[in-house]
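First the structure, in the form of structure tokens, and then the observations on it.
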Amino acid sequence: MTEIMGMSQVNEVCEALKKRIGCEFVALALQNEVGPDVRWHYASGNLNDKYKRITVRFGKGVAGKIISSGSPMMLIDFPNDIYGKVTDHPIMLAEKLVSCYAVPIFFNSLPKGALLVGKREKYTFSEDDQEMVQDAALELEQILQNQNIG
Amino acid sequence: MKYSASRNQIGSYIIQAQEEEIKRISLELHEGVGQNLFSILTGLKLVESGINEEQYKNYLHEMTQLIEKTMQEIRLLSVELYPPALITLGLLPAIKSYIKVYTSTFGILVELSSTGEEKHIPEQNSIAVFRVCQEALANIAKYADTSNVKLGLSWSNCELKITIFDFGKGFQKEDLEKNPYALGIATMKERMLLTGGQCEISSKIGEGTSIEISLPI
């Protein structure tokens, strides 16, 4: 996989999104070019480098559910009121996130990744916030497709 | 005394029955569902190679990828439920295999060491030790706020000792009483007691938590 972490356009979109929403964490998960694995390829506002070693499990956690369903997802007060086990949400645990909103990243009309914004406090992402994440995801799709990633 | 003995027997029976059921589901997933998915995958790949229309070829390719993902998930779920290496290769390979999955799930690095010659342990006891290690590592991922763990096994002629140290934020015993983590610790201790072994936990704020498991061989 091309090094996404060093791509300035991806960095600009994610940093701008982080600033506009006022969140503490932004991350991008993408399916590997070969094989079914999905990994976190970019993170900003991270507390550690655990995200680099995490392989997103299909259908598990925020990113896994988004990629398997193709729909956005929000957690307001992790680990309360979640579906499944606490350990099914490794990125929330690794980054001590309490709330997050994530949307799918599509390539050729198929969900191949996820863009996630998170806060380390209880929070409900407003419709405006959700729209901003969606717009950023579309921008990222374009950037990554231009780079032949996805 | 009599009551205590029967209570222990019941506890042991419940755990054993539960483990048998978990093992059955795990094998069914791996040998049944997993094998069927593999057959479907092989069939779809064959169909894919015989199709010329680009549109259908792409569609079939996406389907095979989805099946591959599902197979991987079934495999992980099956191993998570009951590690096959525990029956075929023993405790140490099963722990090694679990650690790989653990690091790729939580991003936490585990430094594993083993001293002495590995001895044969009855399945009932090795699954108990494995479950306690699994619970300890899951608790570390949930509460310890750490990126590194040390897990050491020490084999002697009459005993296996396992030490897990997490370099995490640690906790105070008083806080533990209000925490759901306490129930997990009690279960770990109870499980080891039923095998004739022990499980001791100590923690220091800012330094980390240590879990020491011992099992007579």
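Quick mapping for you: the protein sequence lines, in order, are chains A and B. Per full-length UniProt numbering, the first sequence starts with residue 1, numbered consecutively. Per full-length UniProt numbering, the second sequence starts with residue 1, numbered consecutively. Note that beta-carbon positions come from the ideal geometry of N, C-alpha and C, so glycine has one too.
DSSP places GLN142/A within a helical segment (H, G or I) once states are collapsed to three.
Shown here for ARG57/A: same chain residues with a beta carbon closer than 6 Å to its own, the five before and five after excluded, namely GLY64 in chain order.
Uninterrupted alpha helix (DSSP H) stretches at least 4 residues long and entirely within the region 90–132 of chain A occur at 90–94, given in chain order.
Against chain B, the CB of PHE58/A has a partner CB under 8 Å away; the residue lies at that interface. The three-state secondary structure of ARG53/A, taken from DSSP, is helix. Annotation: GLU31/B to THR88/B spans about 15 Å, alpha carbon to alpha carbon. Between ILE99/B and LEU29/B, the gap from beta carbon to beta carbon reaches 8 Å or more.
By the C-beta criterion, the region 96–111 of chain B is judged not to be in contact with the region 20–31 of chain A, since fewer than 3 inter-stretch pairs fall below 8 Å. From the listed residues LEU27/B, GLU48/B and ILE164/B, the smallest Cα separation to LYS57/B is found for GLU48/B.
The alpha-carbon of LEU176/B is positioned some 48 Å away from that of THR64/B. By the neighbour-count criterion, in which 16 or more other beta carbons inside 10 Å mark a residue as buried, ASP166/B falls on the buried side. Between LEU151/B and LEU160/B, the C-beta gap is not smaller than 8 Å, which leaves the two residues out of contact. Within the same chain, and ignoring the five residues on either side of LEU137/B in sequence, the residues whose Cβ sits closer than 6 Å to its Cβ are TYR102. The residue among LYS45/B, THR209/B and LEU66/B with its C-alpha nearest the C-alpha of PRO111/A is LEU66/B. The Cβ atoms of GLU139/A and VAL13/A lie closer than 8 Å to each other. Unbroken beta strand (DSSP E) runs of no fewer than 3 residues, entirely contained in the region 53–141 of chain B, are found at 109–115, following chain order.
A direct Cα-Cα distance of roughly 13 Å separates LYS142/B from ASN148/B. For CYS14/A, the uninterrupted alpha helix (DSSP H) run begins and ends at 8–21, by DSSP.
Note that the C-beta distance between MET92/A and LEU75/A is below 8 Å. Setting aside the 5 residues that flank it on each side, PHE130/B is surrounded in the same chain by PRO83, LEU86, LEU91, ALA94, ILE95 and TYR98, each with a C-beta closer than 8 Å to its C-beta; the list follows chain order.
Residue-level contact by beta carbon holds for ILE54/A and chain B, with a gap shorter than 8 Å. Annotation: Cβ neighbours of LYS50/A in chain B (cutoff 8 Å, chain order): PHE106, GLY107, ILE108 and SER147.
Interface residue (Cβ-Cβ distance to chain B less than 8 Å): THR87/A is classified as such.
The beta carbon of ALA114/A sits no closer than 8 Å to any beta carbon of chain B. ILE162/B and SER114/B have their C-alpha atoms spaced approximately 9 Å apart.
Membership of ASN148/B in the beta strand (DSSP E) is indicated by the continuous run 148–155.
Spanning the alpha carbons of TYR13/B and VAL33/B requires a straight line of approximately 29 Å. When DSSP states are grouped into helix, strand and coil, GLU174/B belongs to the helix group. Nearest in C-alpha terms to ALA16/A, of all of TYR83/A, THR55/A and VAL117/A, is VAL117/A.
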